[in-house]
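Heads up, the thing below is written out as structure tokens.
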Amino acid sequence: MHFVDEVEIELIAGDGGDGCVAFRREKFRPLGGPSGGDGGDGGDVIFVATTRLGTLMDLRYRRKVAAERGEHGRGKDQYGKAGADAVIEVPVGTQVYDAETGELLFDFDEAERPEVVAHGGQGGRGNIHFATPTERAPRKAERGTPGERRDVRLELKLLADVGLLGFPNVGKSTLIARISRARPKIADYPFTTLTPNLGVVHRDVDRTFVVADIPGLIEGAAEGLGLGHRFLKHVERCRALLHIVALDPDPEREPLRDFDALNGELERFDPELAARPMLVALSKRDLPETREAEDALREQLRERGHELLVFSAATNDGVEPLLDALERLLAEHPDRPAPRSEPLE
Ligand SMILES: Nc1nc2c(ncn2[C@@H]2O[C@H](COP(=O)(O)OP(=O)(O)OP(=O)(O)O)[C@@H](O)[C@H]2O)c(=O)[nH]1
Ligand SMILES: [Mg+2]
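For the sequence shown, the numbering used here assigns the number 2 to the initial residue and increments by one for each residue that follows.
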């Protein structure tokens, strides 16, 4: 499935139909009473969020979404039919911005709650409404008002409880595959994961949380290096972060330096992100070199105010305590962060 998290589209609500000027035909009177009906209202453009979708892909090639116009009113008191609404499903986590001003217009953070994103015009009144005692044969009717048109930009930000962060290859995808039914690709080369994946962790029937596997970030991500901030923004709506570090065969890389580098990226991207509740975990505990490095790293992180958890997704060692700690952290931070009002450039 292709992952598309940004689209721009034009929304065109239906114009209202015009009211009609018509008269009854009666045998000996050229102009009977007025009989022009009202125009129908134009259709609205309505978005509704659904959990069935995880991408904005369906909208990618749809440059515009238009609702039907209202029919014009007709003679013999006939009203025009209202135009049909255009109802579009978007994934939960979709935000709608005004494409010109950047203003946040709608935040679809809940499923099945429809919103009118562009209002249809109103039908004009027909001449049946304009008869008065002195003007028995009014030639007047209203035009329908135009439907709202607006250019919007849709941004999808995955709504996960926990965002998995880390350099490429630290084992993010292996962990999400271990703790949920998500089956991302796993491989020993960097940037295996190219698009975020969601996994639902079931701890008990009524205790679940959603984890997002964010593609590997590297130094310079806030400036667009690697997969860049295209994915950093998905972290924005996560209640908590799990920052994973690992020993890497590359001698240039070192867990503590990776940790500081990624935090620096978060900070540069959005200081609020760097302040998000965070757990730090060292992965691949099954490897002897990891166990050797564990204590020193724990000490270094303590100086930075973080506890270190250590786990192996390969053997499951330490995974349950890690999930317990995540659950506790989420319980302490029950609210989802509010959306930012400016879209990202
Ligand atoms: N020994 C050991 N290897 C692991 C463990 N977890 C992951 N790996 C290996 O590390 C490599 C990278 O794992 P991934 O899960 O693809 O890493 P990732 O963080 O998702 O990487 P990107 O998607 O590239 O950012 C793979 O070869 C995994 O098999 C672990 O607990 N122990
Ligand atoms: Mg991966």
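Even glycine gets a Cβ: it sits at the ideal position worked out from N, Cα and C.
Computed from a predicted model, the values in this text were never measured in an experiment.
Query raised in the report: Based on the DSSP secondary-structure assignment, which residues constitute the bridge partners of Lys158?
Result: One-based indexing of the sequence shown puts residue 158 at position 157. DSSP lists no partner for Lys158.
Query raised in the report: Can you tell me the Cα-Cα spacing of Gly41 and Glu149, whole angstroms?
Result: One-based indexing of the sequence shown puts residue 41 at position 40. One-based indexing of the sequence shown puts residue 149 at position 148. Taking the straight line joining both Cα atoms gives about 15 Å.
Report task. Look at the Cβ atom of Leu159, then the Cβ atom of Ala213, and state whether they are nearer than 7 Å. Result -> Within the sequence shown, numbered from 1, the residue matching residue 159 stands at position 158. Within the sequence shown, numbered from 1, the residue matching residue 213 stands at position 212. For Leu159 and Ala213, yes; Cβs fall inside 7 Å.
Query - Reduced DSSP category for Lys82 - H, G, I as helix; E, B as strand; rest coil - result: Here residue 82 is taken as the residue at index 81 of the sequence shown, counted from 1. Of the three classes helix, strand and coil, the one that applies to Lys82 here is coil, per DSSP.
Query - Gly164 - partner residues in DSSP beta bridges - result: Here residue 164 refers to the residue found at position 163 when the sequence shown is read from its first residue. Answer is Ala213 and Leu242.
Report task. Indicate the three-state DSSP secondary structure (helix, strand or coil) for Ile47 in the structure shown. Result -> By one-based count along the sequence shown, residue 47 stands at place 46. Note: Ile47 maps to strand in three-state DSSP.
Query raised in the report: Is Ser313 near ligand 1, judged by its Cβ being under 6 Å from some heavy atom?
Result: Stepping through the sequence shown from its first residue, residue 313 is reached at position 312. Ser313: yes, Cβ under 6 Å from ligand 1.
Query raised in the report: Buried or exposed: where does Asn317 fall if 16 or more other Cβ atoms within 10 Å of its Cβ makes it buried?
Result: As a working mapping, residue 317 is identified with position 316 in the sequence shown. Classification of Asn317: exposed, given that the 10 Å Cβ count is below 16.
Query raised in the report: Pairing CB atoms from the region 128-140 with CB atoms from the region 193-207, are three or more of them under 8 Å?
Result: no
Query raised in the report: Considering only residues of the same chain and omitting the five flanking positions on each side of Ala178, which have a CB-CB separation below 7 Å?
Result: The residue you call residue 178 lines up with position 177 of the sequence shown. These residues qualify, in order along the chain: Arg184, Pro185 and Ile187.
Query raised in the report: Any heavy atom of ligand 1 closer than 6 Å to the Cβ of Ser181?
Result: Position 180 of the sequence shown holds residue 181. No; taking the cut-off as 6 Å, the Cβ of Ser181 has no heavy atom of ligand 1 nearer than that.
Query raised in the report: Measuring from the CB of Ser284, is there a heavy atom of ligand 2 at a distance below 6 Å?
Result: Here residue 284 refers to the residue found at position 283 of the sequence shown. No, since every heavy atom of ligand 2 falls outside the 6 Å radius drawn around the Cβ of Ser284.
Report task. Report whether the distance from the Cβ of Asp318 to the nearest heavy atom of ligand 1 is below 6 Å. Result -> Translated into the one-based positions of the sequence shown, residue 318 becomes position 317. It does not: the Cβ of Asp318 is nowhere closer than 6 Å to a heavy atom of ligand 1.
Query raised in the report: For Gly37 versus Val22, is the C-beta spacing smaller than 7 Å?
Result: Taking the first residue of the sequence shown as 1, we reach residue 37 at position 36. Taking the first residue of the sequence shown as 1, we reach residue 22 at position 21. Cβ atoms of Gly37 and Val22: closer than 7 Å.
Report task. Just the C-alpha distance for Lys77 and Thr146, rounded to the nearest angstrom, thanks. Result -> Residue 77 sits at position 76 when you count from the first residue of the sequence shown. Residue 146 sits at position 145 when you count from the first residue of the sequence shown. About 23 Å.
Query raised in the report: What residue does the alpha helix (DSSP H) around Thr175 start on, and which one ends it?
Result: The residue given as residue 175 occupies position 174 in the sequence shown. Lys173 to Ile180 is the extent of the alpha helix (DSSP H) around Thr175.
Report task. Within its chain, find whatever has a CB closer than 6 Å to the CB of Ser174; leave out the 5 residues flanking it on each side and keep chain order. Result -> For the purposes of this step, residue 174 is taken as residue 173 along the sequence shown, with counting starting at 1. Correct list, in chain order: Pro185, Ile187, Thr194 and Asp214.
Query - Opposing strand residues paired with Thr95 [DSSP bridges] - result: What you label residue 95 is simply residue 94 of the sequence shown in a count that begins at 1. Bridge partners of Thr95: Phe109 and Leu157.
Query raised in the report: Which parts of the region 258-343 are runs of the beta strand (DSSP E), unbroken and 3 residues or longer, counting only runs that do not cross its ends?
Result: 279-283 and 309-311
Query raised in the report: Out of curiosity, what's the CA-to-CA distance linking Thr102 and Leu12?
Result: By 1-based counting over the sequence shown, the position of residue 102 is 101. By 1-based counting over the sequence shown, the position of residue 12 is 11. Cα to Cα, Thr102 sits roughly 16 Å from Leu12.
Query raised in the report: With a Cβ-Cβ cutoff of 7 Å, do Asp59 and Asp86 count as a contact?
Result: Here residue 59 is taken as the residue at index 58 of the sequence shown, counted from 1. Here residue 86 is taken as the residue at index 85 of the sequence shown, counted from 1. Cβ atoms of Asp59 and Asp86: not closer than 7 Å.
Query raised in the report: Under three-state DSSP, which class holds Gly60?
Result: Translated into positions along the sequence shown, residue 60 becomes position 59. Checking the sequence, you will find Leu at residue 60 rather than Gly. Reduced to three states, the DSSP call for Leu60 is helix.
Query raised in the report: For Tyr80, is the classification buried or exposed, using 16 other Cβ atoms within 10 angstroms of its Cβ as the cut-off for buried?
Result: Counted from its first residue, the sequence shown places residue 80 at position 79. By the 10 Å Cβ count, Tyr80 comes out buried.
Query raised in the report: Does DSSP put Phe192 in a helix, a strand or coil?
Result: Translated into the one-based positions of the sequence shown, residue 192 becomes position 191. Note: Phe192 maps to coil in three-state DSSP.
**Report entry** DSSP-derived helix/strand/coil call for Gly20
**Finding:** Numbered from its first residue, the sequence shown carries residue 20 at position 19. Reduced to three states, the DSSP call for Gly20 is coil.
Requested in this report: Report whether the distance from the Cβ of Pro191 to the nearest heavy atom of ligand 4 is below 6 Å.
Outcome: No copy of ligand 4 occurs in the structure displayed; its ligands are ligand 1 and ligand 2 alone.
Query - Boundaries (first-last residue) of the beta strand (DSSP E) holding Val8 - result: Start at 1 with the first residue of the sequence shown, and residue 8 comes out as number 7. Element bounds for Val8: Glu7 to Ile13.
Requested in this report: Tell me whether Val206 is buried or exposed, calling it buried when 16 or more other Cβ atoms sit within 10 Å of its Cβ.
Outcome: Counting from 1 along the sequence shown, the entry for residue 206 is found at position 205. That one is exposed.
Query raised in the report: Since Ser284 contacts Leu157 with CB under 8 Å, what's their CB separation in whole angstroms?
Result: Sequence index remark: in the sequence shown, residue 284 carries index 283 (1-based). Sequence index remark: in the sequence shown, residue 157 carries index 156 (1-based). Wrong, their Cβ atoms sit about 28 Å apart, outside the cutoff.
Query raised in the report: Leaving out five residues before and five after Ile1 in sequence, what residues of the same chain have Cβ atoms less than 6 Å from its Cβ?
Result: There is simply no residue 1 to check, as the chain begins at 2 and stops at 346 in what is shown.
Query - Separation of Leu327 from Ala247, as counted between CA atoms - result: As a working note, residue 247 is residue 246 in the sequence shown. As a working note, residue 327 is residue 326 in the sequence shown. Answer to the nearest angstrom: the Cα atoms are 19 Å apart.
Requested in this report: Report the three-state DSSP secondary structure of Glu237 (helix, strand or coil).
Outcome: Position 236 of the sequence shown holds residue 237. It is coil, neither helix nor strand.
Query raised in the report: Using CA coordinates, which residue listed in Pro35, Gly221, Thr56 and Leu330 is at the minimum distance from Glu308?
Result: Here residue 308 refers to the residue found at position 307 of the sequence shown. Of the listed residues, the one whose Cα sits closest to Glu308 is Leu330.
Query raised in the report: Taking 6 Å as the cut-off, does the CB of Thr102 come closer than this to any heavy atom belonging to ligand 2?
Result: Here residue 102 refers to the residue found at position 101 when the sequence shown is read from its first residue. Thr102 Cβ: outside cutoff for every heavy atom of ligand 2.
Query raised in the report: Do the CB positions of Leu274 and Leu243 come within less than 7 Å of each other?
Result: As a working note, residue 274 is residue 273 in the sequence shown. As a working note, residue 243 is residue 242 in the sequence shown. No, they are not a contact pair.
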